[in-house]
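Written below as structure tokens is the structure these notes are about.
Protein chains in written order, with this note's numbering: chain V, 1 to 114; chain F, 1 to 111.
Structure (structure tokens):
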């Protein structure tokens, strides 16, 4: 069955450092991959989308890579700040119509220490 | 500003009751999704819909049904609520192969 794995343990880093989060998947050929941020008690908020034919995407301090051979995505936050502390979720999507399923990993809790 | 609205923030229901969770989006999106979120299990897809009256099962559809009579509204129905359906329920909508917008969530407790 399809499976998405993210770092199950919380990631603690020092302010100013780069946080790197991992998303691995099996039994799936996604057309695109997304990263979301979720704060306690709230719904996830979209951050970045990368398509299967793209290797890397950037947005301000965020960078996502997508390796369809390794079946892995890495999510980087550079110059991290305490306000970046949250749970980060990766999600995989397939084609349109009836196949347009969007499934999520379990998320990684990031804590940025001042 | 885009908006996905879930009908209730908190809900308490009794075992065996039929429960309706409503979700409305104002963005004319084709796709709508229902997830439940439990500690340690992440977001699990219950059902999704890619068009009016069209629905597909997600990973955990048992005990649930859905209805999409109009494009903007996607309802989740718990036919006979059970305590193991106590959870946070999240609705989302998206255009095709693009970012999803989530509602604020409904925390359902079945007693």
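Ideal Cβ placement from N, Cα and C applies to all residues, glycine included.
DSSP three-state assignment for residue i, whether helix, strand or coil
i, result
"residue 84 of chain F", "helix"
"residue 92 of chain F", "strand"
"residue 100 of chain F", "coil"
"residue 83 of chain V", "helix"
"residue 110 of chain F", "strand"
"residue 26 of chain F", "coil"
"residue 40 of chain F", "coil"
"residue 67 of chain F", "strand"
"residue 60 of chain F", "coil"
"residue 52 of chain F", "coil"
"residue 72 of chain V", "strand"
"residue 3 of chain F", "coil"
"residue 52 of chain V", "coil"
"residue 28 of chain V", "coil"
"residue 75 of chain F", "strand"
"residue 43 of chain V", "coil"
Distance between residue j and residue i (C-alpha atoms, nearest Å)
i, j, result
"residue 12 of chain V", "residue 79 of chain V", "14 Å"
"residue 6 of chain F", "residue 32 of chain F", "12 Å"
"residue 19 of chain F", "residue 71 of chain F", "21 Å"
"residue 4 of chain V", "residue 57 of chain F", "18 Å"
"residue 54 of chain V", "residue 81 of chain V", "28 Å"
"residue 12 of chain F", "residue 54 of chain F", "29 Å"
"residue 119 of chain V", "residue 111 of chain F", "This structure cannot speak to residue 119 of chain V, because chain V is shown only from 1 to 114."
"residue 15 of chain V", "residue 82 of chain F", "44 Å"
"residue 106 of chain F", "residue 57 of chain V", "33 Å"
"residue 18 of chain V", "residue 34 of chain F", "33 Å"
"residue 72 of chain V", "residue 100 of chain F", "21 Å"
"residue 61 of chain V", "residue 76 of chain V", "8 Å"
"residue 23 of chain F", "residue 52 of chain F", "14 Å"
"residue 87 of chain V", "residue 8 of chain F", "24 Å"
Distance between beta carbons of residue j and residue i, contact taken as under 8 Å
i, j, result
"residue 2 of chain V", "residue 28 of chain V", "5 Å"
"residue 93 of chain F", "residue 4 of chain F", "5 Å"
"residue 96 of chain F", "residue 74 of chain F", "Their Cβ separation, rounded to whole angstroms, is 16 Å, which puts residue 96 of chain F and residue 74 of chain F out of contact at 8 Å."
"residue 21 of chain V", "residue 34 of chain V", "Between residue 34 of chain V and residue 21 of chain V the Cβ distance is about 13 Å, and since that is not below 8 Å, they are no contact."
"residue 59 of chain F", "residue 43 of chain F", "Not quite, the Cβ-Cβ distance comes to about 10 Å (not below 8 Å), so this is no contact."
"residue 80 of chain F", "residue 16 of chain F", "5 Å"
"residue 90 of chain F", "residue 37 of chain F", "6 Å"
Exposure label - residue i; buried when at least 16 CB within 10 Å
i, result
"residue 106 of chain V", "buried"
"residue 70 of chain V", "exposed"
"residue 69 of chain F", "exposed"
"residue 108 of chain V", "buried"
"residue 41 of chain F", "exposed"
"residue 6 of chain V", "buried"
"residue 10 of chain F", "exposed"
"residue 83 of chain V", "exposed"
Spatial neighbours of residue i in its chain, beta-carbon cut-off 6 Å, leaving aside the 5 residues before and after
i, result
"residue 44 of chain V", "36, 38 and 89"
"residue 26 of chain F", "3"
"residue 51 of chain V", "32"
Residues near residue i in its chain [Cβ-Cβ closer than 7 Å; skip 5 each side]
i, result
"residue 94 of chain V", "30, 31, 100 and 101"
Spatial neighbours of residue i in its chain, beta-carbon cut-off 8 Å, leaving aside the 5 residues before and after
i, result
"residue 10 of chain V", "108, 109, 110 and 111"
"residue 14 of chain F", "81, 110 and 111"
"residue 61 of chain F", "46 and 47"
"residue 42 of chain V", "none"
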